[in-house]
Structure formats: structure tokens, C-alpha cells
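Data block below; observations after.
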Amino acid sequence: MLDPWWTLWDLIKEGLGWSLATAFAFIPNFGIAIILVTFVINTLLFPLTLKQTRSSRAMMQIQPELQRIRRDYRDQREEMQRRMTELQRKHGASPLGCLGPLLVQSPILFAIFRVLNDPTGLQGDLSPVPPGSALWEAIRAEEATFVGMDLGVSPSQIISTGIGAAIPYLATMIAMIAIQYVQQWYTQRDQVSTPGAERQKRQMQMFTRIMPLFLGFISWNFPAGLLLYWTTSNLVRLGQQITINWMDGRPEPPPAIDKEDKPDSGGTPSSSPPHPRSAKRSRRRKRRK
Numbered sequence: 022m023l024d025p026w027w028t029l030w031d032l033i034k035e036g037l038g039w040s041l042a043t044a045f046a047f048i049p050n051f052g053i054a055i056i057l058v059t060f061v062i063n064t065l066l067f068p069l070t071l072k073q074t075r076s077s078r079a080m081m082q083i084q085p086e087l088q089r090i091r092r093d094y095r096d097q098r099e100e101m102q103r104r105m106t107e108l109q110r111k112h113g114a115s116p117l118g119c120l121g122p123l124l125v126q127s128p129i130l131f132a133i134f135r136v137l138n139d140p141t142g143l144q145g146d147l148s149p150v151p152p153g154s155a156l157w158e159a160i161r162a163e164e165a166t167f168v169g170m171d172l173g174v175s176p177s178q179i180i181s182t183g184i185g186a187a188i189p190y191l192a193t194m195i196a197m198i199a200i201q202y203v204q205q206w207y208t209q210r211d212q213v214s215t216p217g218a219e220r221q222k223r224q225m226q227m228f229t230r231i232m233p234l235f236l237g238f239i240s241w242n243f244p245a246g247l248l249l250y251w252t253t254s255n256l257v258r259l260g261q262q263i264t265i266n267w268m269d270g271r272p273e274p275p276p277a278i279d280k281e282d283k284p285d286s287g288g289t290p291s292s293s294p295p296h297p298r299s300a301k302r303s304r305r306r307k308r309r310k
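This is how it looks when you write it as C-alpha cells:
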């Protein structure tokens, strides 16, 4: 049952290895090859990123309406689910919209780790970089360097040789952490406040403070090539976020929903339906008359 998945995994690794070798054949610098391949990967994933961003913004815009539906139809589960589904469909919102890019990016990230951690198969795996290629020969000869870094060596390994040799590695780590902070700050800045979302917002802010430091900590033992990939990827995603804001504009706060819900004249699924209890009170008044 697992054979197809392992075959797909091998195809991703070999595809990345071939891409790196091809880029290296045109520009014989391993670091630039990693940067080019990273840029191409993120560019190909941009449509998914754009769809996820728009879906998330639509979900934020309809949060007040979703909360009103939950309140008004809490005793009518099927009707509540139907109205929420119709509202999400109309506005192009999906609570699972963020899973698309994540499901695609996760295997690529793991494959990149395996490729950059053992590009020529020295640790027993099959070589993801085509044997005999110029990149394969350069890595075997320990000539695959970038701005003074051996991209197959981790900061923890190089620090034992002296602080001078470790400076490029430490600078790459700091750049990776700093760019991720800027990227997350930019994303947080574009998030609009919704009623009842303050607790979730505080939790997200705590996560965004800790995550870059955590990645910086674990990257101490990762090869410099992977650090370069993360740094480039964060920088490209920041550029994509700026591009999305240029295309769609920054998100606006969602419209406020009055406590006394009133249906719109159109009667569409996204309009506010009459409150069930209000309808009952109206029928009682009519009987008294």
C-alpha cells in the first residue's frame, strides 16, 4: 500500500535534485542554484497561496455573520449548517482553505531537507543529484560553496573550527530569523479584528514570536544549504504577500452586525434571517390583536 507514496516521494526528491543540477549547469554556484530553485518552487505555488489568502480574508469578513447564524440557529443544527455553508460558498470562504498550500509545501520541504542533507547519497540513500553531473562532482570535491559557506555543513559543525569561519553561517541564521519576523509582522498587520477573536489573536501573536526563534534553534544542526532555502523562501513569500496586497488591497474590517438582526430585502442566504424568537413574539402579538 505504501509503494505509490514512496514512489511519489522518490520522484519529488529526484526532481529537486535534477532541478538543482540543471540550475548549477547554467550558473556553477550551488548557493545560486538553491536560490533559483526556491524561487521557481514558490512561484509555482503562488496560485495556491493567492487562493488561500483570499479564502482566509473572506472568512474574516463573514465572521460576524457566522457568529449571528450560530446564535440564532443554535437549536436548529441542520439549518445553521446549511446557512453557514451557503454563506461560505457565496463569499468564496473555506475554513480549510489554508490546507492546500500546506499539503503541497510539506512534502517539498521534507524532500528539500533530504536532498540538501545528503545530495550525493553518502549516508546510504540513493543520490538525488544525478551522479556524474557537474553539481554531483562539485559536492563530492567539497567545492559546492556559497559566500564562504560549505552548504553541506551545519553551523554546529563549523563553529568548532573558529568563530571566523562560522560568521557566514551565523549571518544566514540571523537573516532567516529576521526575515521570518518581518514576514509574520506583515501578515499580522493585515489581519483585521473580528468580534470575539481577541483571544485567538493573542495566541497567534505568541506563536509568531516563538516560531522564528524555534526554527533558528533547530537550524543550528541543519546544513547551511537548508538555511539558505528557508531564508530565500521566507523572502519570496514576503514579496508574494506584498504583491497580493497590491492586487487586492489590504483587508478591511468586517461589517458590524447589530444585535437586533434584520433580514435584508433580497432574502439571500447571506442576508440576516429573522431571529426565531423574534418571529414567535410577533405571532403572539398578532393573536392578542
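Residue numbers (our numbering): 22 to 310. Backbone N, C-alpha and C fix where the C-beta goes; we use that ideal spot for every residue, glycine too.
**Prompt:** Met227: buried (16+ other C-beta within 10 angstroms of its C-beta) or exposed?
**Reply:** Position 206 of the sequence shown, counted from the first residue, corresponds to residue 227. Classification of Met227: exposed, given that the 10 Å Cβ count is below 16.
Return the chain-ordered list of same chain residues with a C-beta closer than 6 Å to the C-beta of Trp157, the five sequence neighbours on each side being excluded. In the sequence shown, residue 157 corresponds to position 136, counting from 1. The residues are Thr141, Val150.
Do Thr193 and Leu248 have their beta-carbon atoms positioned less than 7 Å apart in this structure? Here the question's residue 248 lines up with position 227 in the sequence shown. Here the question's residue 193 lines up with position 172 in the sequence shown. Yes. Within cutoff.
### Given Lys72 as reference, the closest of Arg104, His112, Ile55 once Cα atoms are compared
For this step, residue 72 is matched to residue 51 along the sequence shown. Comparing Cα-Cα distances from Lys72 to each of Arg104, His112, Ile55, the minimum goes to His112.
Requested in this report: Assign Thr166 to one of three DSSP states: helix, strand, or coil.
Outcome: Start at 1 with the first residue of the sequence shown, and residue 166 comes out as number 145. The answer is strand: DSSP assigns Thr166 an E or B state.
Whose CA, out of Ser77, Gly36, Ala79, Ser76, lies closest to the CA of Thr59? On the sequence shown, position 38 is the one that residue 59 refers to. Looking at the Cα atoms, Gly36 is the closest of the given residues.
Item to complete: With DSSP collapsed to three states, give me the class of Asp171.
Response: Here residue 171 refers to the residue found at position 150 when the sequence shown is read from its first residue. In this structure, Asp171 counts as strand in the three-state DSSP scheme.
Tell me where the alpha helix (DSSP H) around Arg250 begins and ends. As a first step, residue 250 must be located in the sequence shown, where it is residue number 229. Contrary to the premise, residue 250 reads as Tyr rather than Arg in this sequence. Its alpha helix (DSSP H) spans residues 245–269.
Hey, could you find the ends of the alpha helix (DSSP H) Trp157 is sitting in? In the sequence shown, counting from the first residue as 1, residue 157 sits at position 136. Start and end: 155–161.
Distance between Gln262 and Arg75 (C-alpha atoms, nearest Å): Numbered from its first residue, the sequence shown carries residue 75 at position 54. Numbered from its first residue, the sequence shown carries residue 262 at position 241. One C-alpha to the other measures close to 11 Å.
### Message
Measuring straight from C-alpha to C-alpha, what distance separates Gly260 and Gln126?
### Response
One-based indexing of the sequence shown puts residue 260 at position 239. One-based indexing of the sequence shown puts residue 126 at position 105. Roughly 17 Å separates the two Cα atoms.
Endpoints, alpha helix (DSSP H) assigned at Asp95:
On the sequence shown, position 74 is the one that residue 95 refers to. Reading the sequence as shown, one finds Arg at residue 95 and not Asp. Taken as a continuous stretch (DSSP letters only), Arg95 belongs to no alpha helix (DSSP H), as it is neither H nor E.
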